[in-house]
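Novice:
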Amino acid sequence: MKKNLILICIDGGRVDRAKNSSIIQNFGKEHSVFFSQSIPYAPYTNSALYALISGSYGNRTGCYSYWHSHKFNHVKFKTIIDYLHENNFYTCADVPSDLIMPRRNFDEYYVSDESNINLKTHHYKLLCKMKKLVDSKQNFFLHLHYSGIHEGIRDSVLKSFTNFSDEYFKNRKQNEERYDRLFTDAEKYLEYIQQKLDELNLWENSIIIIFSDHGMSLGEKFGERAYGALCYESTINTFYSYFSSDLKHNEITSQVRSVDFMPTILEHLEIKLDTNFEPLDGVSLLPLINNQNPKENFAYTETGNPLNSKMPPKKPNTKSIRTSEWKLIVNEHNNTKELYDLKHDSLEENNLINTGLEIENILWKEFLKIQERSIIN
Ligand SMILES: [Zn+2]
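Residue numbers (this note's numbering): 11 to 387.
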């Protein structure tokens, strides 16, 4: 029998908090690989998750804005749900909105909100159900979504401030404390899930991945009170903790992309990519996990900055391309660029654009290649 797959998304989980979290660091510790520099295609949920499940950037699949979930091209791109379902996995998801994951090929699909359901007990019930399937020799895929951070920020930040509220950006300490309270709740949720995975004995037979879809701004950069407006580190750097009993504990600090996880999981499960579909943007991380030091790939991110509008735009207008050490940001809405030396300037305060650095040209060329493949016009 193949291993089962459990994805647990901590929506809006910051990588700095995850690195310091003993609960996350000890989650399946002996057999988990922690990725501390994973870059999403988009710093907001729906496009981030569609890119994850398809291993491909939204500017090729069609899901490139808040408005484009239903435009995902299922004819050309196969999702991990499609693959697993076809391989006789029972597929089940619980998500806070049906915009963030297609219903296609899910045997069971729930839309739950923390405000009307207790996620812990609901997810426990789903885990029990999966356990029964395992006992009857049936593989499963389960996606669990912890939306508590997202909902807390929505109620206390998104509704009270705009991306340009001085009051928000002046109160960094308050922002940090508010976020940390929400993050602690997420940790309690994970602690509970961990106990249930022990109780149901699901570790040995499953790949279990805890990850965040995007980060969360705490007022680092004026113009973004939460996420989705800009391409700075606070929102485009995320974490993945990849557990499987056949892996040895490790931390991978070099850059990977969220689009790399779908091909990684498929290779791990020995499921071949279907060549009738478009090639992926992601590559399997198994060589990296197995210390084979493959060359690093460029990570591409784009988002629609709403600027002074209440709604995000229909096309991305703020884009970035990144290596472990450098990032080029292209602000198409005002025709400016920024270049940062992430290694020596992690707060991205010293813009090195037009200072004659060779890396600027290298990143710009890669940026243009990605634009050429884009279906957005
Ligand atoms: Zn999210």
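Glycine included, each C-beta is placed from N, C-alpha and C at the ideal position.
Mind the definition here: the segment 14 to 29 touches the segment 189 to 198 only if three or more C-beta pairs lie below 8 Å; say whether that holds.
Specialist: These segments touch.
Novice: Is there at least one non-hydrogen atom of ligand 1 closer than 6 Å to the beta-carbon of D21?
Specialist: Checking every heavy atom of ligand 1 against the Cβ of D21, one is found closer than 6 Å.
Novice: Going along the chain, which residues of its own chain have a beta-carbon closer than 7 Å to the beta-carbon of S107, five neighbours each way excluded?
Specialist: Hits under 7 Å: V121.
Novice: According to DSSP, what are the bridge partners of D351?
Specialist: Paired residue(s): W336.
Novice: Taking 6 Å as the cut-off, does the CB of H160 come closer than this to any heavy atom belonging to ligand 1?
Specialist: H160 Cβ: within cutoff of ligand 1.
Novice: From the DSSP secondary-structure annotation, give me the bridge partner or partners of E251.
Specialist: Sequence inspection shows Ser at residue 251; the Glu mentioned does not correspond to that position. DSSP output for S251 lists F44 and I220 as bridge partner(s).
Novice: Quick check: what's the CA-CA separation for N315 versus N360?
Specialist: 22 Å
Novice: What residue from S319, D117 and W374 has the CA that sits closest to T333's CA?
Specialist: W374
Novice: Just tell me which of H132, K180, T89 and D92 has its CA closest to the CA of D104.
Specialist: The shortest C-alpha separation from D104 is found at H132.
Novice: Determine the contact status of I217 and K13, defining contact as a CB-CB distance below 7 Å.
Specialist: yes
Novice: Between which residues of its own chain and I110 is the CB-CB distance below 6 Å, once the five residues before and five after are set aside?
Specialist: T55, N56 and L59
Novice: Would you call the segment 193 to 213 in contact with the segment 236 to 251, where contact means no fewer than 3 C-beta pairs closer than 8 Å?
Specialist: The answer is no - the segment 236 to 251 does not touch the segment 193 to 213, with fewer than three Cβ pairs under 8 Å.
Novice: By how many angstroms is the C-alpha of A52 removed from the C-alpha of H80?
Specialist: 16 Å
Novice: Determine the contact status of Y189 and E358, defining contact as a CB-CB distance below 7 Å.
Specialist: no
Novice: By Cβ distance, which residues of its chain are closer than 6 Å to H153, with the 5 residues on each side in sequence left out?
Specialist: If we look at H153 and ignore the five residues flanking it on each side, its Cβ neighbours are L17 and A103.
Novice: Would you mind giving the Cβ-Cβ distance between L93 and L276, rounded to the nearest angstrom? I have them listed as a contact below 8 Å.
Specialist: According to the sequence shown, residue 93 is Tyr rather than Leu. Right, the Cβ-Cβ distance comes to about 6 Å (below 8 Å), so this counts as a contact.
Novice: Just to confirm, does D165 get its C-beta within under 6 Å of one of the non-hydrogen atoms of ligand 1?
Specialist: no
Novice: What are the boundary residues of the alpha helix (DSSP H) that V25 is part of?
Specialist: V25 to K29
Novice: According to DSSP, simplified to helix, strand and coil, what is R235?
Specialist: coil
Novice: Can you name, in chain order, every residue of its own chain whose Cβ lies under 8 Å from the Cβ of F150, other than the five neighbours on each side?
Specialist: N14, L15, F99, Y100, T101, C102, M140, L143 and V144
Novice: Ignoring anything shorter than 4 residues, give me the alpha helix (DSSP H) runs that lie fully in the segment 267 to 291, in order along the chain.
Specialist: 271 to 278
Novice: Give the DSSP bridge partners of A309, in chain order.
Specialist: R332.
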